[in-house]
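**Student:** Sharing a structure with you now.
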Amino acid sequence: MGVRPLLRIVHIIAGLAAFLLVARFLGGTIRAELFGTETEIVSAKLWIAWQLPLLIVAMALAGASGVVLAGRRPKGFAAVKLGRMRIIGANGLLVLVPSALFLAWQAAALRLDALFYAVQIVEIIAGGANLALLGLNIRDGLRMKRRFGLAAG
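Counting along the sequence shown from 1, when you hit position 20 you're at 2 in the numbering used here, and nothing is skipped either side.
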């Protein structure tokens, strides 16, 4: 098996892992906020903070492998996917990671106040946006697979 097929496998696994982690973070947060106790909210926020390194690695692998697979001058679906990844990365780096760390810090101190919930709302909106963009990238990756007969994104 050559390098490109292996890179495609890495891309698929990393992209799917990133999507599932974001979905789990978002779903766990919403469930805890709507139906959980204060202890469950705190647990959800701390769990997310501890899982962030996994998401960061998955996103980095998906992004880097996507750049290599797209080539020097990406066109079509590949160009669109790379454009989305720039937004996903900026949203993650500038909004989601700082929010997750702040919320974990506040939750650990049991400060579930107005500021906590304001940041929580921002995190839910930004997380939902990233989940939607990752979903669109998965959809376009599947379209590329059908169009080119590739097992990649």
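The C-beta atom is built at its ideal place from N, Cα and C for all residues, glycine as well.
#1: According to DSSP, simplified to helix, strand and coil, what is residue 54?
#2: Using CA coordinates, which residue listed in 38, -9, 2, 35 is at the minimum distance from residue 206?
#3: Could you tell me whether any non-hydrogen atom of the ligand COA is closer than 7 Å to the CB of residue 120?
#4: Helix, strand or coil: which one does DSSP assign to residue 45?
#5: First and last residue of the alpha helix (DSSP H) that includes residue 11?
#6: Per DSSP, what kind of secondary structure is residue 75 in: helix, strand or coil?
#7: Based on Cα-Cα distance, which residue from 122, 97, 102 lies nearest to residue 27?
**Tutor:** Quick look at the numbers:
#1: Residue 54 falls in the coil class under three-state DSSP.
#2: Nothing about residue 206 can be read from this structure; the chain reaches only from -17 to 135.
#3: Absence of the ligand COA from the depicted structure is noted, as is the absence of any ligand whatsoever, leaving it without description.
#4: DSSP places residue 45 in helix when its eight states are reduced to three.
#5: -15 to 17 is the extent of the alpha helix (DSSP H) around residue 11.
#6: The answer is helix: DSSP assigns residue 75 an H, G or I state.
#7: The candidate whose alpha carbon is nearest that of residue 27 is 102.
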